[in-house]
Every structure is written in structure tokens, then in C-alpha cells.
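> My structure is below; once you've seen it, I'll send some questions.
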Amino acid sequence: MRRWIIQTIAFFAGNHYFQSIIRNEGFYQGPLKRFCFPYFTCYSCPLAVASCPLGSIQHFLSLQLIPFYVIGFLGLIGVFIGRMVCGYLCPIGFLQDILYRIKSFKFKIPNWLANLKYVFLFGLVVIGAYLTAEPAFCKICPVGSTQAGIPLVLWDPFQSSLRPLIGWHYYFKVSIFALFLLLIISSRRFFCRVMCPLGAIYSLFNRFSILQLRVNKDKCIECNSCELLCPMGIKVYQQPNQADCIRCFECVKKCPTKAVYVGW
Amino acid sequence: MSDGKNKISTIISVFLVGGGQIYSGRIWAGIAFALTFYGTIALIKIIWTGFNFGFYPLLVVWIIIWLYNILDAYKGYCYEPPPCERNCPAGIRPWIYLNYLAQDKPAPLSYIPFFEILGMVCPAPCEDHCTRRAYDDPVAIKHLKLGVKKVWIRPKARKSNASVGIVGAGPCGLSLAASLKLRGYQVTVMEREGYPGGMPAIAIPEFRLPTSVLKKEVDEILSLGIELRTGVEVGRDISIDELLDRFDLITIAVGAMKPLRLDIPGEERVCYGIDILRRAKKGERFEFGRVGVIGGGNTAIDVARTLVRFGNEVKIYYRRRAEDMPAEPEDREEAVEEGIEIIPLVLPIGIEGKRHHFIRTRIVDGRPEIVENSEFEVELDQLVIAIGQEPDIDFLKDKLLTDQRGFIVVKNGRSSHPKIYAGGDVVAGPKTIAHAVGHGLRIAQRIDQNLRKIPGFFAWLGKREYPFELKLLPFTERRRMMIPHRNSESRIKDFEPVELIPSPDEMKREAERCLVCPLRYRP
Numbered sequence: 001m002r003r004w005i006i007q008t009i010a011f012f013a014g015n016h017y018f019q020s021i022i023r024n025e026g027f028y029q030g031p032l033k034r035f036c037f038p039y040f041t042c043y044s045c046p047l048a049v050a051s052c053p054l055g056s057i058q059h060f061l062s063l064q065l066i067p068f069y070v071i072g073f074l075g076l077i078g079v080f081i082g083r084m085v086c087g088y089l090c091p092i093g094f095l096q097d098i099l100y101r102i103k104s105f106k107f108k109i110p111n112w113l114a115n116l117k118y119v120f121l122f123g124l125v126v127i128g129a130y131l132t133a134e135p136a137f138c139k140i141c142p143v144g145s146t147q148a149g150i151p152l153v154l155w156d157p158f159q160s161s162l163r164p165l166i167g168w169h170y171y172f173k174v175s176i177f178a179l180f181l182l183l184i185i186s187s188r189r190f191f192c193r194v195m196c197p198l199g200a201i202y203s204l205f206n207r208f209s210i211l212q213l214r215v216n217k218d219k220c221i222e223c224n225s226c227e228l229l230c231p232m233g234i235k236v237y238q239q240p241n242q243a244d245c246i247r248c249f250e251c252v253k254k255c256p257t258k259a260v261y262v263g264w
Numbered sequence: 001m002s003d004g005k006n007k008i009s010t011i012i013s014v015f016l017v018g019g020g021q022i023y024s025g026r027i028w029a030g031i032a033f034a035l036t037f038y039g040t041i042a043l044i045k046i047i048w049t050g051f052n053f054g055f056y057p058l059l060v061v062w063i064i065i066w067l068y069n070i071l072d073a074y075k076g077y078c079y080e081p082p083p084c085e086r087n088c089p090a091g092i093r094p095w096i097y098l099n100y101l102a103q104d105k106p107a108p109l110s111y112i113p114f115f116e117i118l119g120m121v122c123p124a125p126c127e128d129h130c131t132r133r134a135y136d137d138p139v140a141i142k143h144l145k146l147g148v149k150k151v152w153i154r155p156k157a158r159k160s161n162a163s164v165g166i167v168g169a170g171p172c173g174l175s176l177a178a179s180l181k182l183r184g185y186q187v188t189v190m191e192r193e194g195y196p197g198g199m200p201a202i203a204i205p206e207f208r209l210p211t212s213v214l215k216k217e218v219d220e221i222l223s224l225g226i227e228l229r230t231g232v233e234v235g236r237d238i239s240i241d242e243l244l245d246r247f248d249l250i251t252i253a254v255g256a257m258k259p260l261r262l263d264i265p266g267e268e269r270v271c272y273g274i275d276i277l278r279r280a281k282k283g284e285r286f287e288f289g290r291v292g293v294i295g296g297g298n299t300a301i302d303v304a305r306t307l308v309r310f311g312n313e314v315k316i317y318y319r320r321r322a323e324d325m326p327a328e329p330e331d332r333e334e335a336v337e338e339g340i341e342i343i344p345l346v347l348p349i350g351i352e353g354k355r356h357h358f359i360r361t362r363i364v365d366g367r368p369e370i371v372e373n374s375e376f377e378v379e380l381d382q383l384v385i386a387i388g389q390e391p392d393i394d395f396l397k398d399k400l401l402t403d404q405r406g407f408i409v410v411k412n413g414r415s416s417h418p419k420i421y422a423g424g425d426v427v428a429g430p431k432t433i434a435h436a437v438g439h440g441l442r443i444a445q446r447i448d449q450n451l452r453k454i455p456g457f458f459a460w461l462g463k464r465e466y467p468f469e470l471k472l473l474p475f476t477e478r479r480r481m482m483i484p485h486r487n488s489e490s491r492i493k494d495f496e497p498v499e500l501i502p503s504p505d506e507m508k509r510e511a512e513r514c515l516v517c518p519l520r521y522r523p
């Protein structure tokens, strides 16, 4: 199946609570919200039926509890398929895939910037939430702006109860959102590579996961097509299981010599 | 997209974010920029609750989007460079002219001197890295240079009084001179020989590069208005201090012309490869009889092939294996076809009259090592040494730094003396014409930046990378075209070119084999 079809299905599988819009009632608050998505998507989205994994981690930590259940869930996925969730399920990844196709001026970000996502993970999601007793990453999260912040405020389902709350922080988040759009248009999966703390969690499992990419060095002619193809800009023939690999298998599908393959 | 259209779209995008992109045909890019800019402005207007300091980051981001939108309208869509472009020492973008050739349109390329000559003598590293190797054989990028209809885009000339002196009228010197002249500088080229052209004019034999082709290309460069002074040797006729006074900057591109010596007893009566090639090009004939050529580079092969054409019996002696030769494998095969014997793993150790002493070697860890007690004797009428050249730059030894082998040490084209630039063989050692042309073009850019005092970032901003109309072509199953060669019996009798030029139709169909990697392989 085409990847974009799976990505679309995955988005609607997690975000299909259309009653909220029809009945003008805000969020879904049923039992499914106890479970978290495997991918990054905001739980304040009016359509969302489950909760954000990062939001759950931050909630537990801000209550001074260790989120065993979320870590175990993410770890289980990570052990099997590594970062494949980013490539096949994540709607934010899908958004970046679409927007990068726009023919604009592109630039490459230096590789060391990819380590910034660990700073976001440990600095904001773990330590920040623990110390401030608030979801610290959500304060800057552009995904939250995309799915919840902007649509909810524009739609305003709670009879003008949201708009008076708008202050400097909302303006700040809109500016982050605009910058986020600009960056994901002009650089390959900028959010995944530089910011995403969930990607940072999964990327820790990439090298040890059961699913691995393999390169047949005898067949490989180092034509670099895989780097041209890769949404993350990885030289697959040199480091097939780099932490940033999202297992979208574009290189496996389109390698001219079929040198890249999925192994165990 | 023409250059004028690009200017208009830049101006439009200054006033209307996204408008320039739509004007130049990139509708989705225009919509995306307009939505990110006006969309967020509209959002803030709808939900406006009064001014607070959260407005400042918004303002900054809007300015960033506006500036980026102007940059985008100016520079256009970017492609990732494919392997052919990345491996070209001259900085040529083969996939673009292949695409234009396949579309049967004239290709607007930035000016590259010696373009056709590269099509005849370049060793083609682009073909060694071509992605098409995955399916069959690489696209014949090198030969297709001869079929491209070119429209040179020349850089805009600015009036400038700065003068640049260039020592050496070889490929590096002349391409630097042409590039600088097009940018509006006063250029003077000094050449030791009586004629311009450098190594290609002196040492590439007639059957690989006809003099008429070289002369046409050199005349084209000189007709730009470059002052050429032949027969001037720096250090003898004019001193380097005088040059430093006369010119704002000077560039050393004298090449590596001094043949390396073997240092064996009896070396007084050997010939050197470069001298033979030079004199053969002037019309001298060499009828030695049995000749041995020492060396494995392009010069050695060229000397051997030249001598075969004078009726000599030629053997090449090389200290490593035949496949380790730095010469191009194709040239080596052509030499073998012409009846030249290659004897690998031998080293000359002495000459007594016509008796030449050799010793066998073996390869240990990639380096040749002498095998004890394996001396042998060969009767030869003449030994020719072609084991490499070194630069002859005694005239500026005290001015700048050189490494142990005598090559000038440079950083970004500039030597340790702030007014002296250097490029070509005098920096990199004996390399190809493509390397020399690449050095010339890059030094021209550096000199331009330094004389106009532009920081590198702004030079990058001003450069438009892909103002091209490229089209993804369907995959063809065609195999690589056969480049017609003259048969070896007829070609060893004269100095006519060995490779024949294929027909234009065949070249077009060969260009269709290009995969256009940046368009085919993208996320």
C-alpha cells in the first residue's frame, strides 16, 4: 500500500470524533482518552479520541509520578519497529512530507542540530514538566497550535470562553507555528529531525530494534540516490540504521540496484 | 525561466508575499508563502485582544517569512546535486545540459571555458559515478558535450580598474582570465612559450586533441579582450616584484612542467616524456627503434602512443600492476590495441650504453617493493622517462610557502602571500584539464569577492542556482551508445583523432538515457 494512504488512515483512526463539531460540544472525554496514540498528535484536538504520548508523560511527571505505562507502550513499539511510526503513522510527518514537495528554496540543516531534539525531550518534557508541574513542552509545541490552539480559538465552541484568555503566550505560539510552517516547507522534515521529543524517544531504539535496514555492499554503487530520496537526508549506504531513520522504506523501494533491504 | 522574469518576480514578492512565486509559475509555493504570512496576520487580527509583548516574536517571524519569501522568489527551486555534478572537478552540471540536449533545446549554461576540449580529453569522473551504472552503463556524459547547443550565460560585467596578472596561459590561467574579464577586470596573461594553451598545447598529442579545436577555444577566450604576452618568462624577463607592483593581484598558474628525474646511473642519455611530446607537436619525428617508456601516467601512455606512430617498437615499464596505473583505463586499452606492450612490476636501476638494467618488484600493502636478486637486462635503443612532473617555481621560492614536493600551499585559492593566488597543476600536482578549469573558475570567484570586498554570505545570496526548465524523462531501455573508433591499423599511421564524433540524433537519444536523478529521486 502507498505510504500516504496509510498515513491518511492513521490520522483518521486517531482523530475521528466529528460529533464534537456537529454537536458543538468541544472535546471527546470518553474512556478511550486513557490510552495514548503511538504517534504525535494533540489530545486537545476536537477530533482526537486518544491522548498524546508526550502529554501523558508530562502529566504523570508533573504529578511526580513515573509514567511506566506510556514508556512501556512506546518502548514496546520501539523495540519492534524503531522509528517506523514516524514514517508511516505520524500525521505531522505526513504534513511535512506534503509541504516539502512544494517547489520553494530549500536548505540543508547541519547534522549536529539533530541532537537538539534530545534537549527538548530531557529539558522540557522530562525535567521541565517535573519541576514546573505543568506540561512544559506543550507551551511551545507547534503541533498543539496546528491541531488545537488555532482551530479551537477560531471555532470557539465554549461560547466565547476561550478568546478572553488570549495573552502574550498565544501570540508567541502563533509565531512559533508560522516559523514551523516556514521551516518544514524549506527543510526536510525539520520538525522530526530537530524538535520532536517523541521521535527522540523512538530514535533511541533505532539501533536495537528487531526491524533493521540492511545494505548489500556488493550491490551498492554509492550513487547517493538514497540520500536524495530520504525525507531525513540520511546517507543510507553509510549508516542504514542511523538514529534519524524513520523507516519509510523509500530507499528500499526506489534503490536502483536494490541494494537496500529490510532485514532483522 | 529567463533572468528578467526572475527580477520582476523578486520585486513582486517584496510587495506581495507569495506573488513572485505565482508569477514565476510556482503556484503552490506562492500559496504556501501567502498562507503562512497573510494567514497568521488574519488570525491575529481575528483574535486580537490588545497589544502585549508577545507581539514582538510575531513581528520577528513575519519579517523572517517576508525575507525568506524574497530570497525564494530570487533563487527559485533548489535541487540536490546528483553524483555527476558533485564529482565534477570543473564544477560543471552535466545533468542539466543532458536534459536540455534530450529536450532538443539550447542549454543556458554559465560560461565554462574549454568545454569542447573537456568533451574530448576529460577522464570523466562523472561517468564513474553515474547512477545509470545501476541499470547498464553510465551515460556518455563526456562525449555528449560535443552535441550540446550552448547559450552561455555570462556574468554581468562591472566597470573595474583593478588589474590582475596571470602567469601561465594554460587551462587554469586562461579560464581564470576569461572568467575575470567577463566580470570586468583588466587581465594580463604572461606565457613562457611562444603560444598560449599550456599543457594541452604542448603535451596532449594531436590524435587526442587536434590543435585546430584547441586554437578555436583559445581564440574565443582571447577575443574577450585579454592582453596576452607570449615569450615572457617570469623570473628571467620580468621579476616577481615588478609584477606585484604592476598588478593589484597576481595568480600563479604555471603548471608542473619540470620532469621528475629517476636518479639512476646513466640517466644522461635518456629522454623525458614531456620534451618528446612538445617536440613531436612541433613536427619533429623520432625514429629510435626499440623504445622503453618508464611510467604509468597519462604522459607515459601519450608518449608511447606518439612514438608508435613514428614506427617505433614501444614497451611501457611500470613499477606497479597495469590496473594500478593512474592513466585512464580506456587510454591504456587503446594503447594496447595499437601494439604497445605494458610490462608491469619492474623498476629501472641503471643504463650502460644500450643495455638497460631492470629489477622486478612486488606489491606489498599497496606499495611496490623490490624483489631481491631479480635483476635482468633489456636491450633498448632509447629509454624515455615519464614518471611525473614538478613545478618550476624557483622565482618565487622566497615569497610564499611550498610543500616538500615543491607545490604551492593554498587556502581557498590564495597562497601564503596575500597578493598571490595560485591554481592548477602548480597547486594540485599533475591533474586533468577539468581540475585546472575548476581551479580557474573558483579562483575567479574568490578574486571577485576579495576585490569587491563581498563577504561569502552575500556572494551566496546573489547566486542563482537553478534557473532552468528541467523535465523528468521516461526511463529508456537503450544501451550506451558505441563511440566509433578508427581501427588500430589505420590510426597508428597518422595523427588524426582516434575517436569519431557520433551523429546529433544518436547524441540526443543517448542524452535521453539520463535518469535526471534530482527529479527522479526526491522525497
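Chains as they are written, first to last, in the UniProt record's numbering: chain A, 1 to 264; chain B, 1 to 523. Cβ atoms here follow ideal geometry from the backbone N, Cα and C, with glycine treated the same way.
1) Taking the continuous alpha helix (DSSP H) assigned at P83/B, which residues delimit it?
2) For K258/B, list the residues DSSP reports as bridge partners.
3) Between which two residues does the beta strand (DSSP E) holding S163/B run?
4) In or out: N15/A buried (at least 16 other Cβ within 10 Å) or exposed?
5) Going by DSSP, which residues form a beta bridge with R414/B?
6) When Cβ atoms are compared, which residues of the stretch 163 to 196 of chain A fall closer than 9 Å to chain B?
7) Cα-Cα, which of R214/A, L89/A, Q212/A is closest to F37/A?
8) Measure the alpha-carbon distance for L396/B versus I240/B and round it to whole angstroms.
9) What residues from chain B crowd round N224/A, counting only those whose CB sits closer than 7 Å?
10) Which class does Y317/B belong to by DSSP, given the choice of helix, strand or coil?
11) What residues in the stretch 49 to 76 of chain B bring their beta carbon closer than 8 Å to a beta carbon of chain A?
12) Report the rounded CA-to-CA distance for A335/B versus C86/A, giving the unit in angstroms.
13) Who are the Cβ neighbours of K108/A in its own chain at under 6 Å, not counting the five residues just before and after it?
14) Would you say the stretch 484 to 502 of chain B touches the stretch 26 to 33 of chain B, given that touching needs at least three Cβ pairs under 8 Å?
15) What's the gap between the Cα of E134/A and the Cα of W264/A?
16) Helix or strand or just coil, what does DSSP make of R133/B?
17) Could you pull the start and end residues of the alpha helix (DSSP H) that R520/B belongs to?
18) Below 7 Å CB to CB, which residues in the same chain sit around K142/B once its five sequence neighbours on both sides are set aside?
19) Check whether the stretch 299 to 306 of chain B touches the stretch 456 to 469 of chain B, counting contact only when three or more Cβ pairs, one atom from each stretch, lie closer than 8 Å.
20) Entirely within the stretch 278 to 363 of chain B and at least 3 residues each: give me those beta strand (DSSP E) ranges in chain order.
21) Under the three-state reduction of DSSP, which class applies to Q212/A: helix, strand or coil?
22) For the alpha helix (DSSP H) that Q19/A lies in, which residues bound it at each end?
23) Is the beta carbon of G315/B less than 8 Å from the beta carbon of E341/B?
24) Threshold first: 3 residues or longer. Then list the beta strand (DSSP E) segments lying entirely within the stretch 50 to 126 of chain B, N to C.
25) What are the residues in the stretch 92 to 106 of chain A lying within 9 Å of chain B by C-beta distance?
26) Using a Cβ-Cβ cutoff of less than 7 Å, which residues in the same chain neighbour Y466/B once the five nearest sequence positions on both sides are dropped?
27) Alpha carbons only, please: which of R133/B, G424/B, Q389/B, E116/B is nearest the one belonging to P171/B?
28) What is the DSSP secondary structure of F36/A, reduced to helix, strand or coil?
29) Buried or exposed for G50/B, going by 16 or more other Cβ atoms inside 10 Å?
30) Taking 8 Å as the CB-CB limit, is I12/B close to chain A?
31) Using DSSP with H/G/I as helix, E/B as strand and the rest coil, what is S51/A?
32) For chain B, is any of its Cβ atoms less than 8 Å away from the one on T8/A?
33) Hey, is A32/B's beta-carbon within less than 8 Å of any beta-carbon in chain A?
34) Suppose you measure from the CA of M1/B to the CA of Q103/B; what does that come to, to the nearest Å?
35) From the DSSP output, in three-state form, read off M481/B for me.
36) Between P240/A and chain B, is the shortest Cβ-Cβ distance under 8 Å, so that the two count as touching?
To lay it out plainly:
1) Along the second sequence, read from residue 1 onward, the residue named residue 83/B stands at position 83. Run containing P83/B: 83 to 86, per the alpha helix (DSSP H) assignment.
2) Against the second sequence, residue 258/B aligns to sequence position 258. E390/B, per the DSSP bridge assignment.
3) Here residue 163/B corresponds to residue number 163 of the second sequence, with the count starting at 1. 163 to 167 is the span of the beta strand (DSSP E), which, as asked, contains S163/B.
4) Against the first sequence, residue 15/A aligns to sequence position 15. Label assigned to N15/A: buried.
5) Numbered from 1 along the second sequence, position 414 holds the residue referred to as residue 414/B. R414/B is bridged to K411/B, Y421/B.
6) R163, P164, L165, I166, G167, W168, H169, Y170, Y171, F172, K173, V174, S175, I176, F177, A178, L179, L181, L182, I185, S186, R188, R189
7) Taking the first sequence and counting its residues from 1, one reaches residue 37/A at position 37. When each option's Cα is compared against that of F37/A, the closest is L89/A.
8) Counting from one through the second sequence, the residue named residue 396/B turns up at place 396. Counting from one through the second sequence, the residue named residue 240/B turns up at place 240. Distance between the alpha carbons of L396/B and I240/B: 7 Å.
9) Taking the first sequence and counting its residues from 1, one reaches residue 224/A at position 224. Ordered by position in chain B, the residues that pass the 7 Å Cβ test against N224/A are P83.
10) Counting from one through the second sequence, the residue named residue 317/B turns up at place 317. If DSSP states are grouped into helix, strand and coil, Y317/B belongs with the strands.
11) T49, N52, F53, G54, F55, P57, L58, V60, V61, W62, I64, I65, Y68, L71, D72, K75, G76
12) What you label residue 335/B is simply residue 335 of the second sequence in a count that begins at 1. What you label residue 86/A is simply residue 86 of the first sequence in a count that begins at 1. Going by the C-alpha atoms only, they are around 56 Å apart.
13) As a position in the first sequence, residue 108/A is number 108, starting the count at 1. Answer for K108/A: no residue qualifies.
14) no
15) Position 134 of the first sequence, counted from the start, is the residue given in the question as residue 134/A. Position 264 of the first sequence, counted from the start, is the residue given in the question as residue 264/A. Rounded to the nearest angstrom, the two C-alpha atoms are 40 Å apart.
16) For the purposes of this step, residue 133/B is identified with residue 133 of the second sequence, where counting begins at 1. If DSSP states are grouped into helix, strand and coil, R133/B belongs with the helices.
17) Locating residue 520/B in the second sequence gives position 520, counting from the first residue. Here the alpha helix (DSSP H) through R520/B covers 517 to 520.
18) Taking the second sequence and counting its residues from 1, one reaches residue 142/B at position 142. Same-chain partners within the cutoff: G119, C122, A124, E127.
19) With a cut-off of 8 Å, the stretch 456 to 469 of chain B and the stretch 299 to 306 of chain B do not count as touching, because too few Cβ pairs lie within range.
20) 290 to 294, 313 to 317, 341 to 343, 346 to 352
21) For the purposes of this step, residue 212/A is taken as the residue at position 212 of the first sequence. Q212/A: strand per DSSP, three-state reduction.
22) As a position in the first sequence, residue 19/A is number 19, starting the count at 1. Its alpha helix (DSSP H) spans residues 19 to 22.
23) Counted from its first residue, the second sequence places residue 315/B at position 315. Counted from its first residue, the second sequence places residue 341/B at position 341. Going by the sequence as given, residue 315/B is Lys instead of Gly. Yes.
24) Counting whole runs of 3 or more residues, the stretch 50 to 126 of chain B contains the beta strand (DSSP E) stretches 107 to 110.
25) D97, L99, Y100, R101, I102, K103, S104, F105, K106
26) As a working note, residue 466/B is residue 466 in the second sequence. Hits under 7 Å: G76, Y77, C78, Y79.
27) Locating residue 171/B in the second sequence gives position 171, counting from the first residue. Out of R133/B, G424/B, Q389/B, E116/B, G424/B has the C-alpha closest to the C-alpha of P171/B.
28) The residue you call residue 36/A lines up with position 36 of the first sequence. Looking at the sequence shown, residue 36/A is not Phe but Cys. DSSP places C36/A in strand when its eight states are reduced to three.
29) Taking the second sequence and counting its residues from 1, one reaches residue 50/B at position 50. Exposed, since its Cβ has fewer than 16 Cβ neighbours within 10 Å.
30) The residue labelled residue 12/B in the question sits at position 12 within the second sequence. Judged by the 8 Å Cβ criterion, I12/B is not in contact with chain A.
31) As a working note, residue 51/A is residue 51 in the first sequence. S51/A falls in the strand class under three-state DSSP.
32) Residue 8/A sits at position 8 when you count from the first residue of the first sequence. Cβ-Cβ to chain B under 8 Å: no for T8/A.
33) Looking up residue 32/B in the second sequence gives position 32. Yes, because at least one Cβ of chain A sits closer than 8 Å to the Cβ of A32/B.
34) For the purposes of this step, residue 1/B is taken as residue 1 along the second sequence, with counting starting at 1. For the purposes of this step, residue 103/B is taken as residue 103 along the second sequence, with counting starting at 1. Below a pLDDT of 50, predicted positions are generally treated as unreliable, and M1/B, at 42, falls in that range; no measurement from the model is reported.
35) Counting from 1 along the second sequence, the entry for residue 481/B is found at position 481. Coil at M481/B, not helix or strand.
36) Counted from its first residue, the first sequence places residue 240/A at position 240. No, its Cβ sits nowhere closer than 8 Å to a Cβ of chain B.
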